[in-house]
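Peer 1: Using the working numbering, read the sequence shown as starting at 2 and increasing by one per residue.
Glycine included, each C-beta is placed from N, C-alpha and C at the ideal position.
Keep in mind the model is a prediction, meaning the values are calculated, not measured.
Here it is, the structure in full.
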Amino acid sequence: MSKILSYNKKTTGEGWISLHNQYGADEISMIIDPNAGLSQKPRTAIPSPFAQMDLVKNAFNRLAMSTTLEGEVMDKLLVSNALDIAQLFFNFGEMKNQLRVVEWNKDKALSDLKNNVQHALLGETISMFLEQDKEAFNFDKFDKLYFLLYENKVIGSTSPITLFMATPNAQVGKYPVTVEQNIKLFDTVRHLHCRDTRFIKYLYAMFNAYPQLKQCCGEVNAYLVRVFELLSAEIRNEILTEIGNPTSLDLENIEKAKLFLQTNYLAIDGGVQIFGIPFYGLRQEDVLDGIASSDFVINTKKAQNEPLPLVLQNNLSSYQSVPYKYITGNWDDKQQISYTDYAVEPSKRTLPGTSHVYPWLTDDDFFQPSLIKLDYTLNRDCYFDGNLSLSTKDVDDNDFLIPIKPLFFKYFDIEDLKGKIGGLPKFEMRHEKIGGNEALTAILRIPVKKEGGFITLKRTYLKAIDNNYAYDRKNDKGYFVNIAFTLNLFPFIKTEGINHYNVQLIDRALGDFDNHGIGLSFYKETEAEALDAQKVNIRERSYKKEKRVGSSYYKVDDNFDYILVNLSSSNSSTPIEGVICPNWTSYIPGHDSYTFAVDFGTTNTHVESMQAGALPQPLMLNSVAVEKMVATLYNGSSILYDVILKQEFLPKCIGEDYCFPQRTVLSESERLDIVSIDHLVPLGDTNIPFIYEKESVGYGNNIVTDLKWSVELSSSKRVKAFLTELALLMRTKVLLEHGDLSKISLVWFYPLSMKIGNVRKLGEMWESIFAEVFGVQASNSNLIHMPESVAPYYFYKNLGTFRGAASTVASIDIGGGSSDIAIFKGTEAQPLLLSSFRFAANALFGDGFSDIPRGNRNPMVTTYVNYFKRLFDADDDKYGELNGILDDITEKQKSDEINAFLFSIINNQAVLGNDIFSYNKRLNEDAHRKIIFLYFYSALIYYVANLMKHHNIDKPRNVMFSGTGSKVLDIVGSQRDLDMMTQAIFERVYNETYTDSTFSVVMERREPKQITCRGALMQMKDPTGTQLINELNNIMDGFDNTIKVNYSLLDKEHLTYGDMDDTAIQQAVITKVKEFNSFFIELCDALRVVDRFLVDNQSYQKFKAIVNNDLDHHLVTGWNFINKNAQDKNKEDIIEDTMFFYPIIGTIRDNLIEGLTN
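Listed below in structure tokens is the structure:
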């Protein structure tokens, strides 16, 4: 039977059969597909270069014939690919970095080809086909085509019969271009109704707004009409309402659709169009709005000036049982996030599975790549422990720094980090064993937009082997290293306004970390960047390479919420970082005012505080309450850390073991160049060593003693550092007790011997400190100064036992280098007389008139150094540290420093008040040297008595003592002995007796140094007292000051510098000293000092023999020593000192201490 070979059944006949017309739709539909519609490759036997256009058109047409869009695989593929290209044009606004549009202008391109000899034939050929197929392909109706390129390869274009079409070379998996969420170009066959709603509406709006598209692209329109029936009811209703009926051609729908396009979309850049109809694309703000509606958007209370990022992770379903909306659909766990996805900064990232460049974050953005483990448990009262839990007993209880990057605090605060979400901690750490290896798992739950939702981020850190802590990206593992360091924070309370924080960093990272340095950065949770260098002053004090432990100090002049610790070295590009979060309490100002008094003495300094309505008390600061003076990072006590804390910073509290009065000394690094440094940072370059004379001050620390005000720059720097630290402690007192900083006031003292200009300069320094530390402008009402000799009288006057209100009273303040005298009469508002001279405790305990320390040749010092050393050697476990301190101090050979330490031993915790360690008691019982102390005391009283008599002032009813040096009175004798001797001296000088037995010496035996401060505070309790102090200051500052005197005991009221060149004057001074010596001997005989004061008789007899030796030598030596730097003095200038005491000082040191030995 014969067989007709034809594409359709209309052909009849035999042999070659002529075809008079082109195949029409009927003929084409009769063509039988030998692959039964399963072929995925288009048929290519169409004799036209525009075959792909025709294939796509027919594919739309054939699918539109089916109510369910069912058809051949090839047709579905062609339509789906064309829609992919349409969607890329639609999304082109955010894909410009990936794709490129190339315009083909029909007229210009053909003209260029025809005018080029080499390409003229091609131009003619294309023109022929365009003309031949113009009706079938609308070639006469368009002027431009637009090609879409990826990596310079065409992937699709516009089409005059289907609007869009894909390249014939479209292949699955070939193009890593995202069409929409989780869909790659040409990878998935999808009909229109399965696509982004915005894209669906766009196509319907185009065909409704421009009816010519329905005519020129009828197959596509037919497809749209068929798809409309398959859309959800919600989307259909939206299209009908917003755009119009796709099957209607009324004018109303046209205008509505155009308005919809113009309102909701944006014309594509470059004028992409067909038939003069512009193509539209998504507006970028709509893209962002769509992303912003994702469930993954971070949920933060902090205002941001940029789009909120999404928070993404792999394996979401492992942590969440409910679906999370991503962009246009739910998140698919098949979508994997890799390092290459987030290798760029967040703002430049493309959302995984999409083409959207939009910020998103993942675990790598929040977790540090490596972790620091501490060598102690954290002080949880003061610092957040990261909700650390132990998952097994096989790990220790040491803590870790929090491995969070500062980016976390861009969106959240410290309280967020500590809080809970969904009943779980927002952040926690689990110390555990994984596969037998010690590990730390950090878990961070980030709140996101989904109601009650959060994204769980997790990172595991294993213990580093050989300290190789580089992040293992392949296995997604970090490593932790053990770092021995700590920090201490002062004060531990958060304030507003003027802020001062001091942070001590102690670095013991040795071994493999010898060459690593630890640094701190301070952050506010409201700011992305660390506090700048203007607000953070860093001082390095100790170096690891020198002491095997390093220390750095940070002065922070602003609030901060957390600290970033950085361990790095020049040999490594990967630092290790971790966060420390203080559990701050905030300062809430109360209404109480505080007044402080500072007695800055050469030997000791005392500070008293007085709260409104309360009595004065020594400045005390504790660390018991939540608000602490010092917050250590470590919990409890650590021998080494505690030692360095006290040696170079502060004790944990001030009150019992470390208290005021405090030795007037500074500790500083031996490397400190005091001349070159611009200024000293208190608690940085220097600190007040409250452990001085109690514990070791530490290797490499230089102790500076003999601090006193001076215009000399080095001394001035040290004094300001010392006083500033005192002010910082006072400020902390007010903060911790929630007082009112604006109501703070302070009184400071000056010796009468200080020049008026220096008093003013010291006042200016205090004013500067007052403003810097307290943030308050100084005035006469809140910053007051007064002579230190006046305040003790105010103390005694306010005691209920005082009986001198109607009598004359002499107040004597014995310091280390000078003594001040104030004479009062109860009926007078101001003192009758004030005087000052260089005759004080150092006359007994110093090196006399010598610049060279002579402690090793001081018989009294060496005797008692040996005495205490034997005691210490007897029990090294108990007294070993005291022994070491004694060795350190005696090595400097300064008698005053050695004696000061010997006096302090009785107060040391190690001796527990055992009288055998009381230097005061030993000297009181030293019969061989007792006469020396009687001699010193008598000289002092003798001068005061003569001074008062010379000025016609009645004998005093009381002689009051204050100052550290007044402790010498305990060596002299009992209260009765002192009363008797003092009364006898006044009676002999005045040559008259007391008519009653009411005379007494008044002394605060336990706390003689404190009463200066307490007296001033008592006087300042009411405005009247403050006014009297200011009036006294005005008198002292005036040209006609008549109450401050220096009586020479000679016929001349005052001596001048020129007088000391006169041998007659010198001889007259010597004569007065000899007169006193005779006076003293007669007094001793009358008082029977051998019996009453237990003076050794042989020593007393020797005293008589040597007391007048070399008096002229002592006078000249003393004069030259005191005035060696007095080149600025003129001969007529008055000597503001008493020459009478110079020979006596020389006698005490060189005659008596040297001569009266056991």
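Tell me the rounded alpha-carbon separation between Gly436 and Ala344.
Peer 2: 30 angstroms
Peer 1: Please work out which residues of its chain come closer than 8 angstroms, Cβ to Cβ, to Ala772, disregarding the five sequence neighbours upstream and downstream, and give them in chain order.
Peer 2: Gln778 and Ala779
Peer 1: Helix, strand or coil for Lys459, going by three-state DSSP, please let me know.
Peer 2: DSSP places Lys459 in the strand class (E or B) of the three-state scheme.
Peer 1: Is the CB of Leu568 under 9 angstroms away from at least one CB in chain D?
Peer 2: Of the chains in the structure shown, none is chain D; there is only one protein chain.
Peer 1: Assuming Ser717 is part of the alpha helix (DSSP H), what are its boundary residues?
Peer 2: According to the DSSP assignment, Ser717 belongs to the alpha helix (DSSP H) that extends over Leu714 to Leu737.
Peer 1: Going by DSSP, which residues form a beta bridge with Asp876?
Peer 2: Looking at the DSSP assignment, Asp876 forms no beta bridge with any residue, so it has no partner.
Peer 1: Answer with buried or exposed for Arg381, where buried requires no fewer than 16 other C-beta atoms within 10 angstroms of its C-beta.
Peer 2: Under a 10 Å Cβ-count criterion, Arg381 is classified as exposed, with fewer than 16 other Cβ atoms of the shown protein chains found around its own Cβ.
Peer 1: Considering Cα atoms alone, identify which of Leu634, Val735, Pro752 and Leu753 is closest to Ile745.
Peer 2: Val735
Peer 1: Can you list, in chain order, the residues of its chain whose CB lies under 6 angstroms from that of Gly72, leaving out five sequence neighbours each side?
Peer 2: Apart from sequence neighbours up to five positions away, the residues of its chain that approach Gly72 with a beta-carbon distance below 6 angstroms are Arg63 and Leu64, ordered along the chain.
Peer 1: Can you tell me the Cα-Cα spacing of Phe491 and Leu724, whole angstroms?
Peer 2: 17 angstroms
Peer 1: For Asp366, verify whether its CB is less than 8 angstroms away from any heavy atom of the ligand MG.
Peer 2: No copy of the ligand MG appears in this structure; indeed no ligand is present at all.
Peer 1: Taking its Cβ as the centre, do 16 or more other Cβ atoms sit within 10 Å of Leu903, making it buried, or is it exposed?
Peer 2: buried
Peer 1: On the criterion of 16 or more Cβ atoms from any shown chain inside 10 Å, does Leu641 qualify as buried, or is it exposed?
Peer 2: exposed
Peer 1: Determine the DSSP secondary structure at Pro860, reduced to helix, strand or coil.
Peer 2: helix
Peer 1: What beta strand (DSSP E) runs, 3 residues minimum, are completely inside the stretch 648-703?
Peer 2: Fully enclosed beta strand (DSSP E) runs of 3 or longer: 667-670.
Peer 1: What is the rounded straight-line gap between the Cα of Pro690 and the Cα of Lys556?
Peer 2: 18 angstroms
Peer 1: What span of residues does the beta strand (DSSP E) with Gln505 cover, start to end?
Peer 2: Tyr502 to Asp508
Peer 1: In angstroms with no decimal places, state the Cα-to-Cα distance between Thr706 and Glu541.
Peer 2: 22 angstroms
Peer 1: Using three-state DSSP, classify Met949 as helix, strand or coil.
Peer 2: helix
Peer 1: Whether or not the stretch 345-359 and the stretch 170-185 are in contact is what I'm after, with contact meaning three or more pairs of Cβ atoms, one per stretch, closer than 8 angstroms; do they touch?
Peer 2: Touching, per the Cβ criterion.
Peer 1: Is the stretch 451-464 touching the stretch 592-609 in the sense that three or more CB pairs, one from each, lie closer than 8 angstroms?
Peer 2: no
Peer 1: Do the stretch 740-755 and the stretch 992-1000 make contact, defined as three or more Cβ pairs closer than 8 angstroms?
Peer 2: no
Peer 1: Quick one: is Trp105 buried, meaning 16 or more other Cβ sit within 10 Å of its Cβ, or exposed?
Peer 2: Exposed.
Peer 1: Do you know offhand how far Gly498's Cα is from Asp558's?
Peer 2: 10 angstroms
Peer 1: Which whole-angstrom value describes the C-beta separation of Gly847 and Gln894, a residue pair presumed to lie in contact below a C-beta threshold of 8 angstroms?
Peer 2: Contact flag wrong, Cβ pair sits at about 12 angstroms.
Peer 1: Hey, quick one: how far does the beta strand (DSSP E) through Asn538 stretch, first residue to last?
Peer 2: Val537 to Ser543
Peer 1: Answer yes or no: do Leu708 and Leu747 have a C-beta to C-beta separation smaller than 9 angstroms?
Peer 2: no
Peer 1: Report the three-state DSSP secondary structure of Thr159 (helix, strand or coil).
Peer 2: strand
Peer 1: Would Ala26 be called buried (16 or more neighbouring beta carbons within 10 Å of its own) or exposed?
Peer 2: For Ala26, the predicted structure reports a pLDDT of 49, less than 50, and the residue's modelled location is therefore unreliable. A value from the coordinates is still provided. Its Cβ having fewer than 16 others within 10 Å, Ala26 is exposed.
Peer 1: For Leu313, which of helix, strand or coil comes out of DSSP?
Peer 2: Correct three-state label for Leu313: coil.
Peer 1: Mapping the DSSP letters down to three states, classify Met2 as helix, strand or coil.
Peer 2: Any reading at Met2 must be qualified, since the residue scores a pLDDT of 46, below 50, and its modelled position is unreliable; the value itself is stated next. In the three-state scheme derived from DSSP, where H, G and I count as helix and E and B as strand, Met2 is classed as coil.
Peer 1: Is it buried or exposed for Ser371, if we count other Cβ within 10 angstroms and need 16 for buried?
Peer 2: buried
Peer 1: Relative to the C-alpha of Tyr595, which candidate in Pro619, Asn139 and Ile675 has its C-alpha closest?
Peer 2: Pro619
Peer 1: If I follow the unbroken alpha helix (DSSP H) through Asn900, where does it start and stop?
Peer 2: Ser896 to Ser905
Peer 1: Measuring only the C-alpha atoms, how far is Asn953 from Val945?
Peer 2: 12 angstroms
Peer 1: So, does the stretch 675-682 touch the stretch 712-719, judging by three or more C-beta pairs under 8 angstroms?
Peer 2: yes
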